[in-house]
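Written out below as structure tokens is the structure these notes cover.
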Amino acid sequence: MPAPIESADRWNTVQQLLHWLIVGLILVQGGIGLVMVGLPKRPGVFAVYDLHKSLGLTILALALLRLGWRITHRRPARLPMPRWQQRASGLVQAALYMLLFALPLSGWLFDSSTGLRPLFWWGVLRMPSLTGGPAPAWRDALADLHQGLFWALVALAALHAGAALWHHRMVRDDTLRRMLPGPRRPRSQ
Ligand code: HEM
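So for the sequence shown, our numbering puts the first residue at 23; every next one is plus one.
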């Protein structure tokens, strides 16, 4: 049975917290990734790679938590909007969820395929190799996949954020407001 929610009108506190935490961490993580690949390959660069990998695995864990919470807790009622918009937003949200898993998993797969150094989560938890050892034949394809999934996430997240802002500023409904903390103030149409 789904657990009770705080309000039928808005996303609950945990959903809001996970949403904005994951947004913030992906912004930081994307920045680290883009800078990291351009750094000269000196021993000190390993620390940046380790940070990127641990943060990426943390995002994967948060995505799992978020999906679990989403499945076991009700979402707020849908706001009135044309059917095509409801369909489109549902498709984009489903694709965003898939990318939240596929992107860190592709990074982990790439890292496993190199077989260079064992993977530790924050230096503590030894993570298994997803390829069962070095897989040089897959290395380049997995690096391209990781990069491609990142840009797909950037494009979809921009569409998702743009739609939320359009609803807030132009349609003047509660789409964005109900993912933010604070009391709900009904907006005039
Ligand atoms: C949501 C999580 C993640 C995001 C947003 C992300 C983002 C990125 C970005 C933007 C790049 C640079 C791509 C390029 O321009 O070539 C990159 C590279 C890389 N990422 Fe991630 N990443 C994530 C998770 C992970 C995880 C979990 C791992 C490993 C456990 C990982 C391992 C790597 C490695 C090794 C590279 C360097 C690839 C190369 O040398 O070509 N990433 N990542």
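All C-beta atoms, glycine included, are put in the ideal place defined by N, C-alpha and C.
Tell me which residue opens and which closes the beta strand (DSSP E) that LEU141 is part of. For the purposes of this step, residue 141 is taken as the residue at position 119 of the sequence shown. For LEU141, the enclosing beta strand (DSSP E) starts and ends at 141–143.
For the alpha helix (DSSP H) that contains LEU86, what are its first and last residues? Here the question's residue 86 lines up with position 64 in the sequence shown. Per DSSP, LEU86 belongs to the alpha helix (DSSP H) from 67–94.
Are any of the Cβ atoms in chain D nearer than 9 Å to that of PRO156? The chain inventory of the structure shown lacks chain D, comprising one protein chain alone.
Check whether the segment 106–120 and the segment 34–51 touch, using three or more Cβ-Cβ pairs below 8 Å as the test. When C-beta atoms of the segment 106–120 are compared with those of the segment 34–51, fewer than three pairs fall below 8 Å, so the two segments do not count as touching.
Neighbourhood of TYR71 by C-beta distance below 8 Å, restricted to the same chain and skipping five residues each side: As a working mapping, residue 71 is identified with position 49 in the sequence shown. So the qualifying residues of the chain are MET58.
Here's the rule: buried if 16 or more other CB atoms are within 10 angstroms of the residue's CB, otherwise exposed. What is PHE68? Looking up residue 68 in the sequence shown gives position 46. Looking at its Cβ environment, which holds fewer than 16 other Cβ atoms inside 10 Å, PHE68 is exposed.
Nearest-angstrom Cα separation, counted from THR94 out to LEU56: Mapped onto the sequence shown, residue 56 falls at position 34. Mapped onto the sequence shown, residue 94 falls at position 72. Looking at the two C-alpha atoms, the distance is approximately 35 Å.
Using alpha carbons as the reference points, say which of THR197, GLY52, LEU82 and ASN34 lies closest to TRP143. For this step, residue 143 is matched to residue 121 along the sequence shown. Per the Cα distances, LEU82.
Segment contact flag, the segment 151–161 with the segment 72–79, C-beta cutoff 8 Å, min 3 pairs: no
Based on Cα-Cα distance, which residue from GLN107, LEU125 and ARG161 lies nearest to VAL176? Locating residue 176 in the sequence shown gives position 154, counting from the first residue. For VAL176, the nearest C-alpha among the options comes from LEU125.
For GLY112 and LYS63, the rounded distance between their alpha carbons: For the purposes of this step, residue 63 is taken as the residue at position 41 of the sequence shown. For the purposes of this step, residue 112 is taken as the residue at position 90 of the sequence shown. Each residue's Cα considered, the two are about 42 Å apart.
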